[in-house]
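In the numbering used here, the protein residues as written are 71 to 165.
See structure below.
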Ligand SMILES: [Zn+2]
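Have a look at this one:
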């Protein structure tokens, strides 16, 4: 399965069935986005489970804890600048 590009639902998932629809979960890796205040942290190749029925993505509690640890103490492989737009200001004509 291709790496998921959509927003990730971060939820506990220690079971093998989707808690939303009861569908079968399949192991995958995703790019996970974690927000802390105004800072956004990206995690690539995060182990996750995707529901084969509804497409919901689940991340194990243990993995979420590791992500928390990485935000606190981890060393990122690289940093990216995130473009930020204030929508009303962005579409207003420049003066
Ligand atoms: Zn499901």
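Glycine included, C-beta positions come from ideal geometry on N, C-alpha and C.
Every value quoted in this text rests on a predicted model; they were computed, and no experiment measured them.
Could you check which residue in the options has the C-alpha nearest to that of residue i?
i: residue 86; options: 118, 145, 163; result: 118
i: residue 112; options: 96, 161, 145, 95; result: 145
With residue i and residue j assumed to form a contact (beta carbons below 8 angstroms), what rounded beta-carbon distance in angstroms separates them?
i: residue 120; j: residue 127; result: 5 angstroms
i: residue 116; j: residue 129; result: 7 angstroms
i: residue 141; j: residue 102; result: Not confirmed; about 11 angstroms, so no contact.
i: residue 100; j: residue 152; result: Not a contact, Cβ separation roughly 18 angstroms.
Rounded to the nearest angstrom, what separates residue i and residue j at their Cα positions?
i: residue 123; j: residue 105; result: 28 angstroms
i: residue 160; j: residue 154; result: 10 angstroms
i: residue 94; j: residue 125; result: 10 angstroms
i: residue 96; j: residue 90; result: 14 angstroms
i: residue 162; j: residue 139; result: 41 angstroms
i: residue 158; j: residue 92; result: 42 angstroms
For residue i, is the classification buried or exposed, using 16 other Cβ atoms within 10 angstroms of its Cβ as the cut-off for buried?
i: residue 88; result: buried
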